[in-house]
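Protein chains in written order, with UniProt numbering: chain B, 1 to 551; chain A, 1 to 288.
Idealized CB from N, CA, C, for every residue including glycine.
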């Protein structure tokens, strides 16, 4: 008995010591690797370094003589059904460059969490890839803290396409240069001007005709029309199943009601900041904002706003738009009509011009669009092959390559005619979005597509529809919106802290005001609470940078 | 003897005590590049910020209220259910009832919340159809602060009632049948037998389970609350854990959210110790 338990003890002791030594070994290996990185980034004269350098071709393809593997973290569109490694553009590119990429692709909805964990845990990939891989704050903060490496020397030495881009559009170079003078990310450029107009208000024209009503031009008329939709059974099925007005609440620029605030004198947007006569104005504590909220509250009380507007997502509103049988949706806000309604029913709906305010003014939101996004490609301090990585992305910033990563490969999604391109016809039963993402990362990719390039493409029907909407709303867009500025790390950190509480509070209150209504007291305590949450400090930071940008 | 305990000890040291080292970032300005040890100290800054935040009282209130509500409703129901089940003579019927009540336990939280959204939808939900049928106005359940806690607790009861009752059913089946026979001979009614025989026999188990429930008192089902949240019910649904998730993982303010998590753990520990003391005093059943 005794003997046996001794044996047991010894065995377990040995097991533990093994385990521990394994752990410490792993640690050592980790440390060595870590110091290896440091060397690689400094001048580095070791044999390994030389061997690595001789493997890299300074220009032309392939990038390396012997295959190199890099690990990238990226976002993935929900419309993309194949993993990155199986996409045709990715496979073709690997064949051309001789660089293999291990993609760590995270669906865009859960990406933020994953990204923050990567930075918190410190086990970094070689690079972050894609338009949504890092936001402005990440680039500044993580660049400042040393997670991301400065790229300007690498661009100078290895990236002719990116250099040309910066020469053509110096403002983009300025836009990615941090306040410490370094460039931590290659921007994504997608110069389609129609993307500056995001939301549109659609109304069922057929119902209007049935009821003999004109297109509403003022907020009062809009209210009357919605009432008629609710009461007079415009879809003619003898059931009061009509949804007069629906949208998606909560930070959604494309499907929210921000632009409709313009009908009360001042537009609103997710940041609640507008520029009026060269002055920064905070919207959410002003009388115009209050008036708009009161109006929406009235609509809600009268049962004209779909209550689920506050809880639904795109799928739910689409289900309402595409429901079987007669249409039930009266008016809604969206990117375009076809996405919500399907292509056939969309013909019954028209975009509504901004409703006039009491002075007869009409306003509609303008955003920065995606012509310039700071995030695109950032190399981390953990990468052993920053030169390979920069050459890899530079090869992708070549015109036709960028186009294929965004719109899909030539032969599948694009047809090349001489030096012009056509969009391939969309297969039956697929939306353009799904088709675009069959063989390419599509809207999640890092790319540089200039106006000049888009001019070489014969526009698709979807794009033409969006361009028509843009032209329709363009006259009502404000001249100036808050510029794209580069905050320095300390201010950015402070902004993040302030915004987390402040903006979620404003959002929450707006929803409550619309649904439940509010008294003067409620309003006063709301305004006071905003002050308590250091709204003024937030505005100070914003206006300081705005003033700087004007000079 | 002690050797058998070793794996458990190792498990706890590695997975439960070692991570506590990381708690110090609650008092630091954490940056992964500098590491946990190397980040600069900031003292109580993060705790002060949480305390001064306008969210503080709302969050604490919600966390406590939801838990008290859940404890009051969701804790006794499985006991009642087990007692009732125990009275059923027909074995087949009993088994069927048990199986049906267990079933919802295995549905994933995401699906349950999806079902809630569908059933409670103001336009198409069954419940609102019923309300309209009886001439009432439809209620927007998911978008109302008043309903949030009830929906949360009662959907939880629906989901876990059968499952949680298993322990009690097992305990009840261990009650000596002689006692029941004797009671019947003495002319005790069914209710009397439940009150005098069944309940006292499972009492130690009830107390232990109560203490264990208190142990996880402040950690309400995070996923479910998070999925059920929207701008309209936020005042009733923001709890410590969802707030930690939003500021920590989504907002990348790791030190701040660690501090909040620490506050949570400390409150929880104090509650647990208090309940344990009370139980010890009155019933001599306790965890330590």
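Check your understanding: Does the Cβ-Cβ distance between residue 285/B and residue 515/B come in under 8 Å?
Key -> Going by C-beta atoms, residue 285/B is not nearer than 8 Å to residue 515/B.
**Study point:** Near-chain A residues of the stretch 295 to 328 of chain B (beta-carbon distance less than 8 Å), N- to C-terminal order
**Key:** 306, 307, 308, 310 and 311
Practice item. Measure the Cβ-Cβ separation of residue 402/B and residue 447/B and say whether it is below 8 Å. Key: yes
**Study point:** Under 8 Å from the C-beta of residue 47/A: neighbouring residues of chain B
**Key:** Result: empty, since nearest Cβ-Cβ is about 15 Å, beyond 8 Å.
Check your understanding: Just the Cα atoms here: how many angstroms apart are residue 436/B and residue 443/B?
Key -> 9 Å
Practice item. Using a threshold of 8 Å, state whether the C-beta atoms of residue 256/B and residue 247/B are closer than that. Key: yes
Review point. Should the stretch 454 to 466 of chain B be called in touch with the stretch 211 to 227 of chain A, which here means at least 3 C-beta pairs below 8 Å?
Key: no
**Study point:** Burial state of residue 4/A (16 or more Cβ within 10 Å)
**Key:** exposed
Review point. Cβ of residue 190/B within 7 Å of any heavy atom in the ligand SAH?
Key: Inclusion of the ligand SAH in the displayed structure is not the case, the ligand content being empty and no account of it being possible.
Practice item. Return helix, strand or coil for residue 60/B, following the three-state DSSP convention. Key: coil
Review point. For residue 68/B versus residue 482/B, is the C-beta spacing smaller than 8 Å?
Key: no
Point to revise | Sub-8 Å separation of residue 244/B and residue 226/B beta-carbons | key: yes
Practice item. Locate the alpha helix (DSSP H) running through residue 533/B, then write down its first and last residues. Key: Where residue 533/B is concerned, there is no enclosing alpha helix (DSSP H), given that its DSSP letter is neither H nor E.
Review point. Cβ of residue 125/B within 8 Å of Cβ of residue 97/B?
Key: No, Cβ-Cβ distance for residue 125/B and residue 97/B is not below 8 Å.
**Study point:** Cβ-based burial, residue 357/B [other Cβ within 10 Å; buried from 16]
**Key:** buried
Practice item. Put residue 60/A into one of helix, strand or coil per three-state DSSP. Key: Correct three-state label for residue 60/A: helix.
Exercise for review: Consider the Cβ of residue 249/B: report whether some Cβ of chain A lies at a distance smaller than 8 Å.
Suggested key: The beta-carbon of residue 249/B is placed less than 8 Å from the nearest beta-carbon of chain A.
Practice item. Please classify residue 27/B: does DSSP put it in a helix, a strand, or coil? Key: Note that residue 27/B scores 39 on pLDDT, short of 50, meaning its location in the model is unreliable; the coordinates nonetheless yield the value given after this. In this structure, residue 27/B counts as helix in the three-state DSSP scheme.
Check your understanding: Beta-carbon of residue 116/B versus every beta-carbon of chain A: anything under 8 Å?
Key -> yes
Review point. Taking the alpha carbon of residue 305/A as the point to measure from, which residue in 219/A, 21/A, 113/A and 87/A has its own alpha carbon closest?
Key: Here chain A covers residues 1 to 288 and nothing more, so residue 305/A does not appear.
Review point. Could one say the Cβ of residue 142/A lies closer than 8 Å to chain B's Cβ atoms, at least one of them?
Key: Yes, residue 142/A lies at the interface with chain B (some Cβ there is under 8 Å from its Cβ).
Check your understanding: Touch check for the stretch 45 to 56 of chain A and the stretch 497 to 514 of chain B: three-plus C-beta pairs under 8 Å?
Key -> yes
Point to revise | CB-CB length for residue 128/B against residue 378/B, believed under 8 Å | key: The pair is a contact, with the Cβ atoms about 5 Å apart (cut-off 8 Å).
**Study point:** Cβ separation of residue 138/A and residue 122/A, assumed to be a contact under 8 Å, to the nearest whole Å
**Key:** 5 Å
Review point. Residue 545/B by DSSP, collapsed to three states: which one?
Key: Residue 545/B: helix per DSSP, three-state reduction.
Exercise for review: Report the rounded CA-to-CA distance for residue 413/B versus residue 306/B, giving the unit in angstroms.
Suggested key: Spanning the two alpha carbons is a distance of roughly 38 Å.
Point to revise | residue 188/B - containing beta strand (DSSP E), residue span | key: 186 to 190
Point to revise | N- and C-terminal bounds of the alpha helix (DSSP H) containing residue 156/A | key: 145 to 173
Check your understanding: Does DSSP put residue 218/A in a helix, a strand or coil?
Key -> coil
Check your understanding: Is there at least one Cβ from chain A nearer than 8 Å to residue 533/B's Cβ?
Key -> yes
Review point. Do the CB positions of residue 331/B and residue 168/B come within less than 8 Å of each other?
Key: For residue 331/B and residue 168/B, no; Cβs fall outside 8 Å.
Review point. Is it a yes or a no for the stretch 129 to 140 of chain B touching the stretch 68 to 77 of chain B, going by three-plus beta-carbon pairs under 8 Å?
Key: yes
**Study point:** Within chain B, partners of residue 136/A - CB distance below 8 Å
**Key:** Chain B residues near residue 136/A: none, gap ~15 Å exceeds 8 Å.
**Study point:** C-alpha gap between residue 510/B and residue 342/B, whole angstroms
**Key:** 31 Å
Review point. Taking DSSP as the reference, what is the three-state secondary structure of residue 194/A?
Key: Under the three-state reduction of DSSP, residue 194/A is assigned to helix.
Check your understanding: What residue range is occupied by the uninterrupted beta strand (DSSP E) comprising residue 200/B?
Key -> 200 to 204
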